[in-house]
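Chemist: Quick note on my numbering: the sequence shown kicks off at 9 and runs consecutively. We put the beta carbon where it would ideally sit given N, CA and C, even for glycine.
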Amino acid sequence: MSQEEPKSQEEPMAQLLAVVGGGDLSTHAVLAAEALRRAAGRRNAALALEIRGKGGGNPIPEAAIREATAVLLVGDGDLGEGRFGALARARAAIDEVLTDVNAVLDRLLAGAAETPGASARAATGPRRLVAITSCPTGIAHTFMAAEGLQAAAQALGHAIRVETQGSVGARDALTAPEIAAADLVIIAADTGVDRARFAGKRLYATTTKAAIRDGKGLIATALAEAQLAAAGTAEAAPTTDGPARPAAAERQAGAYKHLMTGVSFMLPFVVAGGLLIALAFAVGGIDVLNPEKAGTLGYALGEIGAKAAFALIVPALAGYIASSIADRPGIAPGMIGGMLAANLQAGFLGGIAAGFIAGYVTAFLNTHIRLPRNLEGLKPVLILPLLATAITGLLMVYVVGVPVAAVLAALTDWLKGMQGTSALLLGLVLGGMMAVDMGGPINKAAYASAAALLSSGVDAPMAAVMLGGMTPPLGLALATRLFPTRFTKPEREAGGAAAVLGAAFITEGAIPFAAADPLRVIPSMVAGSGVAGAIALASGVTLKVPHGGLFVLPIPNAVTNLPGALIALVAGSLVTGLMVGLLKKRAA
């Protein structure tokens with residue numbers, strides 16, 4: 009080790025960072041870290057140290073990173089460099105530190121003196137970004153957010169890789185080397201996303217809508233406000249905030265985001281079960297589920313749909329709400345609570361209650377139960393599932409289940425008995441909600457409620473919701489043909505795509521038109537969707553599946569009163585198209 013320099017009181021105090029990656033040389037890493045600590049103390053410089061290796065270590069606090077002027081990266085391997093943003097950097101081998109620690113610190117302090125200019129240049133330079141987008145249905149918003157981020161990054165000169173977590177799973181999955189090389193991680197999601205693989209990276213989380221509306225602004229905000237993702241894995245350390253701290257926008261989503269995560273996992277059970285039941289009626293007739301039909305194809309399809317797929321709707325909803333709150337340890341208590349809700353006839357309302365109870369109970373227990381390190385492995389596989397399941401189950405049986413079941417029974421009886429004005433008003437409200445924010449919270453609230461009611465045998469609201477959601481893009485596509493002078497050439501060309509999206513029940517196809525002229529377009533869409541929903545419920549239209557648009561209409565028994573559904577859809581689209589044409593001004 010080098011000769012010690014005399015203590016210098018003249019040098020200015022500086023906040024410095026050092027990360028030592030020891031790999032297999034853990035002893036050398038500890039010695040190098042201690043040498044740096046002592047040398048910094050002699051120079052009156054504040055130094056925050058982190059040792060990275062197989063045995064882990066204490067990560068540098070985020071507050072220290074914000075206040076730092078420079079960072080020293082010692083050794084090889086993944087040193088988590090991306091979290092340091094535009095900080096001035098110096099690099100050294102472990103041998104250099106052990107041989108001449110003062111020379112290494114001289115290089116670091118020289119870089120700290122140049123930090124202001126270097127930071128300004130780095131802040132405007134190209135960065136490596138990785139991102140994940142996800143929405144509850146995993147169809148439109150997921151991919152629109154990805155396109156928004158990609159276009160914004162290209163315009164700003166940054167390199168970006170986006171992983172979409174859609175309805176068919178992850179596409180273009182991020183690799184470990186891509187994550188390690190990234191300067192920033194952006195999560196634009198309306199559902200829970202596992203962040204364990206981003207530990208040690210700068211991370212910013214928000215909603216898909218932010219990425220769709222202003223990708224450039226989102227990237228700029230993320231570069232400025234990203235926080236350091238917590239170390240550790242989701243399995244080892246589930247908390248109420250997940251493996252990494254979410255951004256402010258994500259924290260505000262709170263219960264809504266947990267609910268939407270549960271709904272997104274519930275939907276495949278609803279779709280599969282509803283279509284199988286419809287096919288069972290088509291094959292075997294209206295009495296296909298009677299015991300005397302046992303052994304027939306129709307009866308078998310009905311058993312699969314009604315007694316298997318539909319039986320899992322409420323447990324899946326509750327389990328994944330709990331998982332969104334407390335990660336994997338929440339799944340078992342949530343699903344068991346959901347099964348109890350189904351057995352107690354509390355339905356989807358009881359499932360929602362069970363999911364939140366199980367999630368927050370699990371997260372609370374995980375935070376407050378402290379065990380010796382060698383026993384920590386028992387928490388996620390034994391202690392948390394056992395205690396959380398017991399508490400959730402007892403609360404469902406003795407406190408929550410019976411009153412929620414009574415509320416659901418009253419709601420079901422009212423919805424099934426709706427006629428005349430009450431049906432008209434409910435259809436008007438549900439249809440209008442689908443068009444207010446085109447895939448936003450109001451839209452999703454109407455959709456999630458209608459989809460969940462399918463598990464209780466109430467299928468009229470789903471008809472109003474789907475027809476109301478198809479109307480906005482179809483009506484706008486119609487307006488571009490009836491009133492071409494009201495639209496620009498790109499908008500007229502987008503009309504064809506909007507028609508296809510509307511036919512597939514993707515309301516987001518109307519977003520470009522609404523963004524260009526919201527004061528005229530949105531009221532027109534709400535009016536048309538409200539008309540479609542009102543006609544549907546007033547004429548007794550019902551729908552047994554929660555998605556598919558026009559493509560499910562030909563399936564036997566999927567829709568009750570098919571002519572009424574088509575009339576509602578045409579009427580709503582005409583109202584939207586005519587109102588847009590009358591309200592919009594001639595395009596420049």
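Going by other Cβ atoms of all chains shown within 10 Å of its Cβ, with 16 needed for buried, is Ile220 buried or exposed?
Modeler: Counted from its first residue, the sequence shown places residue 220 at position 212. Ile220 should be labelled buried.
Chemist: Using only alpha-carbon positions, find the residue among Leu157, Gly90 and Ala535 that is nearest to Ile187.
Modeler: Numbered from 1 along the sequence shown, position 179 holds the residue referred to as residue 187. Residue Gly90 is the option with its Cα nearest to Ile187.
Chemist: Going by beta-carbon coordinates alone, are Ala26 and Leu57 separated by less than 7 Å?
Modeler: Here residue 26 refers to the residue found at position 18 when the sequence shown is read from its first residue. Here residue 57 refers to the residue found at position 49 when the sequence shown is read from its first residue. Yes; because the gap between Cβ atoms is below 7 Å, this pair is in contact.
Chemist: Pick helix, strand or coil for Gly51, following the three-state DSSP scheme.
Modeler: Translated into the one-based positions of the sequence shown, residue 51 becomes position 43. Going by the sequence as given, residue 51 is Arg instead of Gly. Looking at Arg51 - three-state DSSP - the assignment turns out to be coil, as it is neither helix nor strand.
Chemist: Please go through the same chain and pick out, in chain order, the residues whose beta-carbon is closer than 6 Å to the beta-carbon of Ile195, but skip the five residues on each side of it.
Modeler: As a position in the sequence shown, residue 195 is number 187, starting the count at 1. Excluding residues within five positions, the ones whose Cβ falls inside 6 Å are Ile140, Val201 and Ala213.
Chemist: At which residues does the alpha helix (DSSP H) containing Gln173 begin and terminate?
Modeler: On the sequence shown, residue 173 is found 165 positions in, with the first residue counted as 1. Gln173 -> not in any alpha helix (DSSP H); beta strand (DSSP E) instead, spanning Ala167 to Gly174.
Chemist: Would you check if there are 3 or more beta carbon pairs closer than 8 Å linking the segment 437-448 to the segment 531-547?
Modeler: Taking 8 Å as the limit for Cβ pairs, the verdict is that the segment 531-547 does touch the segment 437-448.
Chemist: Once DSSP output is grouped into helix, strand and coil, what is the label at Glu384?
Modeler: Counted from its first residue, the sequence shown places residue 384 at position 376. Correct three-state label for Glu384: coil.
Chemist: Run through DSSP, which three-state label would Ala126 get?
Modeler: By 1-based counting over the sequence shown, the position of residue 126 is 118. Below a pLDDT of 50, predicted positions are generally treated as unreliable, and Ala126, at 40, falls in that range; the measurement from the model is reported next regardless. Reduced to three states, the DSSP call for Ala126 is helix.
Chemist: Please return the same chain residues whose Cβ sits closer than 8 Å to the Cβ of Pro492, not counting the five positions on each side in sequence.
Modeler: Within the sequence shown, the letter at position 484 stands for residue 492. Taken in chain order, the residues that qualify are Arg500.
Chemist: For Leu475, which residues from the same chain have a beta carbon less than 6 Å from its beta carbon, with the 5 sequence-adjacent residues on both sides left out?
Modeler: In the sequence shown, residue 475 corresponds to position 467, counting from 1. Within the same chain, Leu475 has close Cβ partners Ala540, Ala544, Ala576 and Leu577.
Chemist: Using DSSP bridges, identify the partner residues of Ser142.
Modeler: For the purposes of this step, residue 142 is taken as residue 134 along the sequence shown, with counting starting at 1. Answer by DSSP bridge pairing, in chain order: Ala197.
Chemist: Cβ atoms of Ala413 and Leu352: under 7 Å apart, would you say?
Modeler: In the sequence shown, residue 352 corresponds to position 344, counting from 1. In the sequence shown, residue 413 corresponds to position 405, counting from 1. Yes. Within cutoff.
Chemist: Quick check on the DSSP output: the alpha helix (DSSP H) that includes Ala190 runs from which residue to which?
Modeler: Locating residue 190 in the sequence shown gives position 182, where the first residue counts as 1. Counting along the chain, Ala190 falls outside any alpha helix (DSSP H), and DSSP gives it neither H nor E.
Chemist: Straight-line CA distance for Phe273 to Tyr328?
Modeler: Along the sequence shown, read from residue 1 onward, the residue named residue 273 stands at position 265. Along the sequence shown, read from residue 1 onward, the residue named residue 328 stands at position 320. Answer to the nearest angstrom: the Cα atoms are 7 Å apart.
Chemist: Identify whether Val79 lies in helix, strand or coil by the three-state DSSP scheme.
Modeler: As a position in the sequence shown, residue 79 is number 71, starting the count at 1. Strand, per DSSP.
Chemist: Using the Cβ count rule (16 or more neighbours within 10 Å means buried), how would you classify Leu390?
Modeler: Reading the sequence shown from its first residue, position 382 is the one you call residue 390. Answer is exposed; the Cβ neighbour count stays below 16.
Chemist: Please classify Arg594 as buried or exposed, where buried requires at least 16 other C-beta atoms within 10 Å of its C-beta.
Modeler: Residue mapping note: residue 594 aligns to position 586 of the sequence shown, counting from 1. It is exposed - the Cβ of Arg594 has fewer than 16 other Cβ atoms within 10 Å.
Chemist: For Gly310, collect the residues of the same chain with a Cβ closer than 7 Å to its Cβ; drop the 5 residues on either side in sequence, then sort them by chain order.
Modeler: What you label residue 310 is simply residue 302 of the sequence shown in a count that begins at 1. Excluding sequence neighbours, Gly310 sits near Ile285, Ala288, Val296 and Leu297.
Chemist: Could you give the distance in angstroms between the alpha-carbon of Leu81 and the alpha-carbon of Ala94?
Modeler: As a position in the sequence shown, residue 81 is number 73, starting the count at 1. As a position in the sequence shown, residue 94 is number 86, starting the count at 1. Spanning the two alpha carbons is a distance of roughly 14 Å.
Chemist: In whole angstroms, what is the alpha-carbon distance linking Asn565 and Met268?
Modeler: Stepping through the sequence shown from its first residue, residue 565 is reached at position 557. Stepping through the sequence shown from its first residue, residue 268 is reached at position 260. One C-alpha to the other measures close to 28 Å.
Chemist: For Met587, does the count of other Cβ atoms within 10 angstroms reach 16, so buried, or fall short, so exposed?
Modeler: For the purposes of this step, residue 587 is taken as the residue at position 579 of the sequence shown. Buried, because 16 or more other Cβ atoms sit within 10 Å of the Cβ of Met587.
Chemist: Please state whether the Cβ-Cβ distance between Gly435 and Ala573 is less than 7 Å.
Modeler: Numbered from 1 along the sequence shown, position 427 holds the residue referred to as residue 435. Numbered from 1 along the sequence shown, position 565 holds the residue referred to as residue 573. No. Outside cutoff.
Chemist: Where Ile530 and Ala518 are concerned, what is the direct C-alpha to C-alpha distance, given to the nearest angstrom?
Modeler: For this step, residue 530 is matched to residue 522 along the sequence shown. For this step, residue 518 is matched to residue 510 along the sequence shown. Those two C-alpha atoms are separated by around 9 Å.
Chemist: Only counting runs of 4 or more residues, tell me where the alpha helix (DSSP H) segments fall wholly within the segment 411-459, in order along the chain.
Modeler: The segment 411-459 contains these whole alpha helix (DSSP H) runs: 428-444.
Chemist: Below 8 Å on the Cβ atoms is my guess for Phe318 versus Ser463; work out the distance and round it to an integer in Å.
Modeler: Walking along the sequence shown from the start, residue 318 turns up at place 310. Walking along the sequence shown from the start, residue 463 turns up at place 455. Confirmed, about 6 Å.
Chemist: Please identify the residue among Ala362, Glu104, Ile227 and Asn110 whose C-alpha is closest to the C-alpha of Arg50.
Modeler: The residue labelled residue 50 in the question sits at position 42 within the sequence shown. Selected option, being the one with the closest Cα: Asn110.
Chemist: Contact defined as beta carbons within less than 8 Å: I believe Ala100 pairs with Val112. What is the distance between those atoms, to the nearest angstrom?
Modeler: Position 92 of the sequence shown, counted from the first residue, corresponds to residue 100. Position 104 of the sequence shown, counted from the first residue, corresponds to residue 112. About 5 Å separates the two Cβ atoms, so the contact holds.
Chemist: Leaving out five residues before and five after Ala128 in sequence, what residues of the same chain have Cβ atoms less than 7 Å from its Cβ?
Modeler: As a first step, residue 128 must be located in the sequence shown, where it is residue number 120. Legend: pLDDT at Ala128 = 40, less than 50; position of this residue unreliable, no value from coordinates given.
Chemist: Restricting to Cα atoms, I'd like to know which of Pro380, Val410, Pro411 and His376 is closest to Ala396.
Modeler: For the purposes of this step, residue 396 is taken as the residue at position 388 of the sequence shown. Measuring from the Cα of Ala396, the nearest candidate turns out to be His376.
Chemist: State yes or no: is the C-beta of Ala37 within less than 7 Å of the C-beta of Ile68?
Modeler: Counting from 1 along the sequence shown, the entry for residue 37 is found at position 29. Counting from 1 along the sequence shown, the entry for residue 68 is found at position 60. No. Outside cutoff.
Chemist: Round the Cβ separation of Gly83 and Val28 to the nearest angstrom and send it over; I've been treating them as touching at under 8 Å.
Modeler: Position 75 of the sequence shown holds residue 83. Position 20 of the sequence shown holds residue 28. That pair is a contact at about 6 Å.
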